[in-house]
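Which chain is which? The protein sequence lines are A and B, in order. Read left to right, the first sequence gives residues 351 to 865 (my numbering). Read left to right, the second sequence gives residues 351 to 865 (my numbering). The C-beta atom is built at its ideal place from N, Cα and C for all residues, glycine as well. One structure is given below, encoded as structure tokens.
Number of protein chains: 2
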Amino acid sequence: MPTTILPDWLARAAANFPDRLALVHGPARWTFAELDRRAAHLAGQLASAGLRPGDRVALLAGNGLPYAACVHALTRLRAVLVPLNLRLSAGELAWQARDAGVSLLLSDAAHAARAAEVTASLPGVPHAVLHAAAALSPPRPAGREGRGVRTPLRDEIDLDAAQAVMYTSGTTGRPKGAILTYGMHWWNATASALNLGLLPDDRWLVCLPLYHVGGLTTLIKSVIYGMPVILHDCFDPAAVNAAIRAERVTIISVVAVMLRRMLDALDAEGGDGRYPPWLRCVLLGGGPAPLPLLEDCAHRDVPVVQTYGMTESCSQAVTLAPHDALRKLGSAGRPLAPVQLRILTDDGLPAAPGEPGEISLRGPTITPGYYERPDETATAFRDGWFATGDLGHLDTDGYLYVLDRRADLIISGGENIYPAEIEAALLAHPEVAEAGVRGVSDPAWGQIPIAFVCPRAGATAATVTPTELLDFLRPRLARYKLPRVVHLVGPLPRTAAGKLLRRDLPTLLPPDATI
Amino acid sequence: MPTTILPDWLARAAANFPDRLALVHGPARWTFAELDRRAAHLAGQLASAGLRPGDRVALLAGNGLPYAACVHALTRLRAVLVPLNLRLSAGELAWQARDAGVSLLLSDAAHAARAAEVTASLPGVPHAVLHAAAALSPPRPAGREGRGVRTPLRDEIDLDAAQAVMYTSGTTGRPKGAILTYGMHWWNATASALNLGLLPDDRWLVCLPLYHVGGLTTLIKSVIYGMPVILHDCFDPAAVNAAIRAERVTIISVVAVMLRRMLDALDAEGGDGRYPPWLRCVLLGGGPAPLPLLEDCAHRDVPVVQTYGMTESCSQAVTLAPHDALRKLGSAGRPLAPVQLRILTDDGLPAAPGEPGEISLRGPTITPGYYERPDETATAFRDGWFATGDLGHLDTDGYLYVLDRRADLIISGGENIYPAEIEAALLAHPEVAEAGVRGVSDPAWGQIPIAFVCPRAGATAATVTPTELLDFLRPRLARYKLPRVVHLVGPLPRTAAGKLLRRDLPTLLPPDATI
């Protein structure tokens, strides 16, 4: 079949409902016509600067309207976005920019100094700054002139074309650039609409970084749906709670630790501890949700939709409806409409219900592969199925239970131990805010689990001690799963998307500590 | 790109919400689990009878639950549905079945005698009857045994595969079988959801025949959405009005004459002449809507969404939102999200705004072509664009105005006359229920228009005469567009989809009449 060509999504939204609100960021409000105008202007500047179809453009910017304009401007030029993670060092950023072969680095004003630091080690890659109006300054970055014919702006989108190369290391390993195509975004947007419905008053709050797949996909969904996005710089629970009320937010994407902080902030306000009725969906990603959190949400009628997904699946691939949240506790739910899921045992055979194996996904929301990484692409795919690197099982109703990252699996005396299971048991303790478990070498058992716990605010030595936590775990876990030691620590290391970084847990301990 | 494979839509709906209502037909109500079970059972019977992937199966049946089960059963077998039009003669039906090379003719009990008449002239094509429970009788139609290995049932859908071959002649010419792929259905379903929204309480009433694209696509949308369909045998305005209330129908697809009769029936009930608030969308297809009807709908707050589409575009391709209904009077609106539209002049160049030309469509909801008609497929497509055979123009906002069928264009003294324009002018007269115009040969002018008018019920010679109607038209139309004669007749000939059949208008006159 020939590739599918669609009319440009933003141009269509601007033509169909020019005056509808597209983006809210602080006091700034852009309609779809305004967003379209800004994107077209920036695209024109980039074309004049010599940008060509297929060029990769790195973007180092915080959440804001220029980010959105830039995403759509690159579409007009058929250039490919390389979103840079603001938490990385200049060296790591330069590595990604070099790996993606970018021909331009754009930043917002706040990250201009860091961007200059990055391009200092990238000869021939100019740097330009996007100002608040999403215009380029200078309009023609040095080194970009004279590349021949000015690229015409395009009003069509080729679904097979790459929209972005987004670096991911999962939670382990060397980063690689997952290709996100326009088709993946389209299918993700329509699959999400089929799952959640599409209501005329929908407004989606984005407090995840736009350089993360969860933020970027919502930005793109919004122009496909013609739906306003309320964009926050970063996650501030009180600000999020206020915006849900003031901006009539209906959908929000968060991870469990964020939701816990939102509920705590809600309680601190002294009201009835509930959200307004228009908040119809709290998409909860980034790993299994702790039982006390789900119970608290059920008690307050917070409509939690748990999700499982990753960069390579263009965000959510599997979701659990609110009415299943407690009935199917611990499950990530069932695949979205276009997604096929199977669990393969180590022998490569389909697992029986209840039998653990690697989670594999197939469908039009799944990446075609990693940018210029044929070997890693070949490793990740078998017969068109993407091996997620996550372990899980299906119940007899076909609901997915994610056990853990394959790489984080602890094998102790020949038994498989899933850190997530121990973490879930710890998170059921009322005084535990965060829990992380990893394996360490042991001469007798091969590996043994150790735990890191961040107590909830207000917890004291009277209410939570390592001994108390081990006593709490003992009736809940088989003996071989009991952590050898529980470390009480501060907030746990997480990715920008809120996923726990188990490999970094030991950095929480003093250098001379015995882990 | 490889073809896209999705999980079977009905199987997924049955797994995700087994107890949700799928279909209502009279007193019968099937859940998605029930529909899935019936479809699987029938598919098993068809497999045992020797049906193979790719086989074409003609279906001669009225709207009902067996029809729906059969549609989904054929999907499980990767067989291709050939829906037969109940209005056709046995000879016409046999021609279509032969043209499509069907290997089996299925009918419901009510159409069994007619089906037997059809297969009598189709040697080697067996006939089997679907009973009310959607089971086959006899379970193995004669002549189907011994075709080798039993076809396994499939739980995946290949979007490039043909779901149906649906015969269409537009409103003129020799019928040809338009291929409807699964991808066309998927894209139509998601595009419609993006346009109309997707609400948890949606229920779609189908009173169009299921052998017509408007009925069939809704049946398939319903399993993609997980949405109940209220299925009527045929169009009965009082029954439709009653069902909108009793079954809480939110969406209905009709043509203008049907909507007029619904409103008249509503008035006859003696209530407030309004529909309940949950009726959120009346999709109006089958040609331009008369102004008095649109004004009446606006007055009653009937949310009319005008549409333009055809079999080859898998139903709606262009729609007009209710808030534009009066502002953009006479327009069919703007293309759905995945559809591209252009108007080409006779020179093959893009028309300027306001300039008429042939309407061409491109996108994943458009047919790949006609079954075993390479010449007609080649004629209909230019560079991947489907030439609809309809004339129209775009205004400066990109709204489509459909002028007429190219084949129905009247050229009179070198001037183009669009029958639809004269019909719209006639329909603006309060005593006119239906109007049809066609050209007849004239020695002086080449062609001249003549009109056929069906007066509204209750109209008398005192209120509507040919002279009165010509007087009504005179200030509204240029002199060369005035019909030479106006014939007062009964209901006008229409396709099963409600489209006016202009070529059949002369059959309304006595054999000796001068047209």
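Asked                                                                                                                                                                    : Found
Measuring alpha carbon to alpha carbon, tell me which residue in A:I507, A:A361, A:S439, A:T353 is nearest A:L410.                                                       : A:S439
For B:R500, count neighbouring C-beta atoms within 10 Å of its own C-beta (all shown protein chains included) and say buried if the count is 16 or more, exposed if not. : exposed
Is there a Cβ from chain A that is less than 8 Å from the Cβ of B:R732?                                                                                                  : no
When we look at the beta-carbon of A:P724 and count the other beta-carbons within 10 Å, is it buried (16 or more) or exposed?                                            : exposed
Starting from the Cα of B:P714, find the closest Cα among B:C664, B:P642, B:A682 and give me that residue.                                                               : B:C664
Under 8 Å Cβ to Cβ from A:L670, same chain only, skipping five residues before and after it: list those, please.                                                         : V655, Q656, T657, K678, S681, A682, G683, R684, Y749
For the stretch 535-548 of chain A, list every residue whose C-beta sits within 8 Å of some C-beta in chain B, in sequence order.                                        : T540, A543, L544, G547, L548
Within 10 angstroms of its Cβ, does A:T521 collect 16 or more other Cβ (buried), or is it exposed?                                                                       : Its pLDDT being 48, under 50, A:T521 is placed unreliably in this model, and the value from its coordinates should be taken loosely. Its Cβ being crowded by 16 or more others within 10 Å, A:T521 is buried.
Select from A:L744, A:H743, A:R712, A:D747 the residue whose C-alpha is nearest the C-alpha of A:A737.                                                                   : A:R712
Could you give the C-beta distance for A:A408 and A:A470, rounded to a whole number, given that I count them as a contact under 8 Å?                                     : No, A:A408 and A:A470 are not in contact; Cβ-Cβ is about 14 Å, not under 8 Å.
B:Q690 CB to nearest chain A CB: under 8 Å?                                                                                                                              : yes
If you draw a straight line from the alpha carbon of B:Y517 to that of A:Y768, how long is it in whole angstroms?                                                        : 58 Å
List the whole-angstrom C-beta distance separating A:L555 from A:I574, where the pair is believed to meet the contact cut-off of C-beta under 8 Å.                       : Not confirmed; about 18 Å, so no contact.
Whose Cβ in chain A lies nearer than 7 Å to the Cβ of B:L884?                                                                                                            : Outside the displayed span of chain B (351 to 865) sits residue 884 of chain B, for which this structure offers no information.
Mind reading off the beta-carbon distance from A:A465 to A:S457? Whole number of angstroms is fine, and I expect it under 8 Å.                                           : 4 Å
If you draw a straight line from the C-alpha of A:P357 to the C-alpha of B:Q690, how long is it?                                                                         : 6 Å
Evaluate A:P640 with the Cβ neighbour count: other Cβ atoms within 10 Å of its Cβ, from every protein chain shown; 16 or more gives buried, anything less gives exposed. : buried
So, does the CB of A:Y751 fall closer than 8 Å to a CB anywhere in chain B?                                                                                              : no
Any contact of the stretch 504-513 of chain A with the stretch 540-551 of chain A, i.e. 3+ C-beta pairs under 8 Å?                                                       : no
Of all the residues that make up the stretch 440-451 of chain B, which are near chain A by a beta-carbon distance shorter than 7 Å?                                      : none
Determine the DSSP secondary structure at A:I798, reduced to helix, strand or coil.                                                                                      : strand
Taking C-alpha atoms, which residue in A:F802, A:L759, A:G533, A:I601 lies nearest to A:L546?                                                                            : A:I601
Does DSSP classify B:G840 as helix, strand or coil?                                                                                                                      : coil
At a Cβ threshold of 8 Å, is B:R684 touching chain A?                                                                                                                    : yes
Between which two residues does the alpha helix (DSSP H) carrying B:I570 extend?                                                                                         : 563-575
Any C-beta of chain A within less than 8 Å: which residues of the stretch 741-766 of chain B qualify?                                                                    : D747, G748
Is the CB-CB distance between B:G739 and B:A757 below 8 Å?                                                                                                               : yes
On the three-state DSSP scale, how would you describe B:P416?                                                                                                            : helix
Can you name, in chain order, every residue of its own chain whose Cβ lies under 6 Å from the Cβ of A:L855, other than the five neighbours on each side?                 : G786, R788, F802
I want to see whether chain B comes within less than 8 Å of A:R362, judged by CB atoms only; does it?                                                                    : yes
Work out the CA separation of A:H422 and A:R406 for me, nearest whole Å.                                                                                                 : 14 Å
Flag this pair as touching only if the stretch 467-481 of chain B and the stretch 377-385 of chain B have three or more C-beta atom pairs under 8 Å; answer yes or no.   : no
Among residues of its own chain, excluding the 5 on either side of B:I761, which ones have a beta-carbon nearer than 7 Å to its beta-carbon?                             : G796, Q797
Nearest chain A C-beta to B:Y417 closer than 8 Å, yes or no?                                                                                                             : no
I'd like the list of long-range same chain contacts for A:C804, defined as Cβ closer than 7 Å, with 5 residues on each side in sequence excluded.                        : A783, E784, V839, G840, P841, L842
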